[in-house]
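Colleague: Here it is: the structure, laid out below.
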Amino acid sequence: LIVGDPGMGKSQMLLAATQLAARSVYVGGNTASTTGLTVTLTKEEGGETGIEAGALVLADQGVACIDELDKCKHLDGLLEAMEQQCVSIAKAGVVASLPARCSIIAAANPKHGSYNMSKSVAENLNMARPILSRFDLVFILRDRADEDQDRMVSNNIMNLYRKSNSNAKDSGARFSEGNHVLVHGAGHHGEAERADNQEEEKRVPLEKRLAWVSSFNEPLPADLVRDYIAYAREYCKPKLTSEAAEVLQTYYLKLRYPENGRHQQDSVPITTRQLEALIRLAQARAKACLREFVVKEDALDVVELLERSVEQVHTDEFGMIDKYRVGAAGQSARKLRKAFLTELQNIVQGGDCTKDDLLRVADRVNLPLSNFNTIIEDLRTEGRLIKKSNGKFQLVS
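Printed below as a string of structure tokens:
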């Protein structure tokens, strides 16, 4: 899922993905319906009932790109397709299940025009939270003033409207220089196998490698990339090795139980659904290299990718990690605390309250029990809530 400000090129990313996939379907959310995305029934000339496949069924074993996902009013039909990889129908005497084994790439715009970092992803989008929780990765694109980034984008746009053959030599020089760097790194690969610590120190992060590849002026032909992806999807079925499984499991447990966290609420919430997403992404990374096994390097790249996604989803407007958001489908800490204070004022009305009253207020506003003690301590530190000698609490307005 790609969420970002208008004019960040989200639609162009989806169109590029449809051009590179062997089987792909591109739909717009403002004109798509639930039956158009899944399955619809039609009446034939003889009076019989026929089944017409929707976008997800047509994109079976391919890619389905959904633009303007926030404009779709009814997305309940996507729940089964994204979870079970199939679409079931029981209507007009027809009971069937159609395969929808496709990857979904969606783009959405914030409901207030620009993305508000003080709110979570679910609060910025006008979408149901169960849909957001089913995306493996969520990336946020913000229109920020960056001179280097703006210069690169403007040069790319200008090159689309002019024929520049003078940079061919520069591209070849960069390619040869890049090959030299890769060969130099390959020379140290044998030494890295002897010591895992040296291997991690010499590993180039994925972000730097992508920046190095983007410096090429001559991209690969689209037909070549399309055939390469089709070949990898058809013939590469990588299996998870013990080294890669250990990296993924260590990262999963690190998020569940952080080393420097004293309480359970100190961790960024992650479930087994995200663990399965780690395995799928690691297998896709191995397919991109036409490997038969998922090696440790693939797992490290996937961990780096998910770390960036988690960082973007849980970062507030001050650049701090907000642990209350519970992923893309959660609420921000500010909204939870505001709802708790409002409900507490309506119940207490200037009087005293016990801890049981505070727990009942937390249950009314759906405040997780793991976050209850933290919010109470914050309110006491700020002087909004005072604990008396008799054990009761008083709300200071």
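Per this note's numbering: the sequence shown ends with 401, consecutive numbering throughout. Don't be surprised by glycine CBs; every beta carbon is placed ideally from N, CA and C.
1. Note down the Cα distance separating Arg-312 from Lys-95, rounded to an integer number of angstroms.
2. So within the segment 10-97, which uninterrupted beta strand (DSSP E) runs reach at least 3 residues, ignoring any that extend past its ends?
3. Relative to the C-alpha of Ala-63, which candidate in Leu-102, Thr-53 and Glu-48 has its C-alpha closest?
4. In this structure, what does DSSP give as the bridge partners for Lys-391?
5. Run through DSSP, which three-state label would Pro-134 get?
6. In whole angstroms, what is the alpha-carbon distance linking Ala-21 and Arg-230?
7. Under the rule that 16 or more other beta-carbon atoms within 10 Å means buried, what is Cys-69, buried or exposed?
8. Applying the 10 Å Cβ sphere with the 16-neighbour rule, what's the burial state of Thr-35?
9. When you compare the CB positions of Lys-75 and Gly-33, do they come within less than 8 Å of one another, or not?
10. Measuring CB atoms only, is the segment 104-115 touching the segment 78-93, in the sense that at least three cross pairs come out at less than 8 Å?
11. How would you label Phe-297, buried or exposed, when you count the other beta carbons within 10 angstroms and need 16 or more for buried?
12. Taking Glu-127 and Lys-339 to be in contact with their CB atoms under 8 Å, please state how far apart those CB atoms are, rounded to whole angstroms.
13. Can you list, in chain order, the residues of its chain with a C-beta nearer than 6 Å to that of Tyr-30? Leave out the 5 residues immediately preceding and following it.
14. If we ignore side chains and look at the alpha-carbon of each, how far apart do Gln-293 and Val-317 end up?
15. Rank Asp-305, Ser-393 and Asn-159 by C-alpha distance to the C-alpha of Glu-151 and give the top, closest one.
16. Where does Ser-101 fall in DSSP's three states?
17. Per DSSP, which one or two residues make a beta bridge with Phe-143?
18. Whole angstroms are fine: how far does the CA of Thr-385 sit from the CA of Pro-134?
19. Which whole-angstrom value is the C-beta distance of Val-91 and Thr-42, which I expect to be below 8 Å?
20. Pick helix, strand or coil for Val-208, following the three-state DSSP scheme.
21. Whose CA, out of Val-306, Pro-114, Tyr-235 and Lys-212, lies closest to the CA of Ala-249?
22. Less than 8 Å between the beta carbons of Asp-80 and Thr-38, yes or no?
23. Alpha carbon to alpha carbon, what distance is there between Ala-226 and Ala-234?
24. Can you tell me whether Pro-1 is buried or exposed, with buried defined as 16 or more other CB within 10 angstroms of its CB?
25. For Gly-387, I'd like the list of residues in its chain whose CB is within less than 8 Å of its CB, leaving aside the five on either flank, ordered along the chain.
26. If you run the structure through DSSP and keep just helix, strand and coil, what is Glu-197?
27. At what residues does the beta strand (DSSP E) containing Ala-111 begin and finish?
28. In its own chain, which residues sit with a C-beta less than 6 Å from the C-beta of Ser-118, not counting the 5 before and 5 after it?
29. Among Gln-89, Ala-112, Leu-60 and Met-121, which residue has its Cα nearest to the Cα of Met-12?
30. Put Lys-291 into one of helix, strand or coil per three-state DSSP.
31. Among Ala-236, Ala-303 and Phe-344, which has the Cα closest to the Cα of Tyr-255?
32. Could you check what DSSP says for Glu-386 in three-state terms: helix, strand or coil?
33. Per DSSP, Lys-243 is paired with what?
34. Under three-state DSSP, which class holds Asp-154?
35. Per DSSP, what are the beta-bridge partners of Arg-356 in this structure?
36. Have a look at Tyr-239, Glu-247, Thr-276 and Ser-246 and flag the residue whose alpha-carbon is nearest the alpha-carbon of Leu-257.
Modeller: Taking the structure as given:
1. As a first step, residue 312 must be located in the sequence shown, where it is residue number 308. As a first step, residue 95 must be located in the sequence shown, where it is residue number 91. One C-alpha to the other measures close to 43 Å.
2. You should have 28-32, 43-47, 53-57, 67-71 and 90-95.
3. Along the sequence shown, read from residue 1 onward, the residue named residue 63 stands at position 59. Looking from the CA of Ala-63, the closest CA among Leu-102, Thr-53 and Glu-48 belongs to Leu-102.
4. Position 387 of the sequence shown holds residue 391. Per DSSP, Phe-397.
5. By one-based count along the sequence shown, residue 134 stands at place 130. Pro-134 falls in the helix class under three-state DSSP.
6. Working through the sequence shown from its first residue, we reach residue 21 at position 17. Working through the sequence shown from its first residue, we reach residue 230 at position 226. Near 10 Å, if we compare the C-alpha coordinates of Arg-230 and Ala-21.
7. For the purposes of this step, residue 69 is identified with residue 65 of the sequence shown, where counting begins at 1. Within 10 angstroms of the beta-carbon of Cys-69 lie 16 or more other beta-carbons, which makes it buried.
8. Position 31 of the sequence shown, counting from 1, holds the residue named residue 35. Exposed.
9. By 1-based counting over the sequence shown, the position of residue 75 is 71. By 1-based counting over the sequence shown, the position of residue 33 is 29. Yes; because the gap between Cβ atoms is below 8 Å, this pair is in contact.
10. yes
11. Translated into positions along the sequence shown, residue 297 becomes position 293. Flag for Phe-297 reads exposed.
12. Walking along the sequence shown from the start, residue 127 turns up at place 123. Walking along the sequence shown from the start, residue 339 turns up at place 335. Taking 8 Å as the upper bound for CB-CB distance, Glu-127 and Lys-339 are in contact here, some 7 Å apart.
13. Within the sequence shown, residue 30 is the residue found at index 26, counting from 1. Cβ neighbours of Tyr-30 beyond the five flanking positions: Thr-22 and Cys-69.
14. Residue mapping note: residue 293 aligns to position 289 of the sequence shown, counting from 1. Residue mapping note: residue 317 aligns to position 313 of the sequence shown, counting from 1. Contrary to the premise, residue 293 reads as Cys rather than Gln in this sequence. About 29 Å.
15. As a working note, residue 151 is residue 147 in the sequence shown. Residue Asn-159 is the option with its Cα nearest to Glu-151.
16. On the sequence shown, position 97 is the one that residue 101 refers to. Strand at Ser-101.
17. Along the sequence shown, one-based indexing puts residue 143 at 139. Answer is Ile-6, bridged to Phe-143.
18. Looking up residue 134 in the sequence shown gives position 130. Looking up residue 385 in the sequence shown gives position 381. Between Pro-134 and Thr-385, the C-alpha separation is close to 35 Å.
19. Position 87 of the sequence shown, counting from 1, holds the residue named residue 91. Position 38 of the sequence shown, counting from 1, holds the residue named residue 42. Yes, Val-91 and Thr-42 are in contact; Cβ-Cβ is about 5 Å, under 8 Å.
20. Within the sequence shown, residue 208 is the residue found at index 204, counting from 1. Residue state, collapsed to three classes: coil.
21. Counting from one through the sequence shown, the residue named residue 249 turns up at place 245. Of Val-306, Pro-114, Tyr-235 and Lys-212, the residue nearest in Cα terms is Val-306.
22. Position 76 of the sequence shown, counted from the first residue, corresponds to residue 80. Position 34 of the sequence shown, counted from the first residue, corresponds to residue 38. Yes, Cβ-Cβ distance for Asp-80 and Thr-38 is below 8 Å.
23. As a first step, residue 234 must be located in the sequence shown, where it is residue number 230. As a first step, residue 226 must be located in the sequence shown, where it is residue number 222. Cα-Cα distance, rounded: 12 Å.
24. Any question about residue 1 goes unanswered here, given that the chain covers just 5 to 401.
25. The residue given as residue 387 occupies position 383 in the sequence shown. Hits under 8 Å: Val-400.
26. By one-based count along the sequence shown, residue 197 stands at place 193. With a pLDDT of 42 at Glu-197, under the threshold of 50, the modelled position of that residue is not reliable, and the figure given next carries that caveat. Correct three-state label for Glu-197: helix.
27. Along the sequence shown, read from residue 1 onward, the residue named residue 111 stands at position 107. Note, Ala-111: beta strand (DSSP E), 107-112.
28. Position 114 of the sequence shown holds residue 118. Asp-9.
29. Sequence index remark: in the sequence shown, residue 12 carries index 8 (1-based). That would be Ala-112, whose Cα lies nearest to the Cα of Met-12.
30. Taking the sequence shown and counting its residues from 1, one reaches residue 291 at position 287. For Lys-291, the three-state secondary structure derived from DSSP is helix.
31. As a first step, residue 255 is located in the sequence shown; it is residue number 251 there, counting from the start. It is Ala-303.
32. Along the sequence shown, one-based indexing puts residue 386 at 382. In the structure shown, Glu-386 sits in a helix (DSSP, three-state: H, G or I).
33. Within the sequence shown, residue 243 is the residue found at index 239, counting from 1. Looking at the DSSP assignment, Lys-243 forms a beta bridge with Phe-297.
34. Taking the sequence shown and counting its residues from 1, the one referred to as residue 154 is at position 150. Note: Asp-154 maps to helix in three-state DSSP.
35. Locating residue 356 in the sequence shown gives position 352, where the first residue counts as 1. In the sequence as displayed, the identity of residue 356 is Asp instead of Arg. DSSP output for Asp-356 lists Gln-398 as bridge partner(s).
36. For this step, residue 257 is matched to residue 253 along the sequence shown. Closest by alpha carbon: Thr-276.
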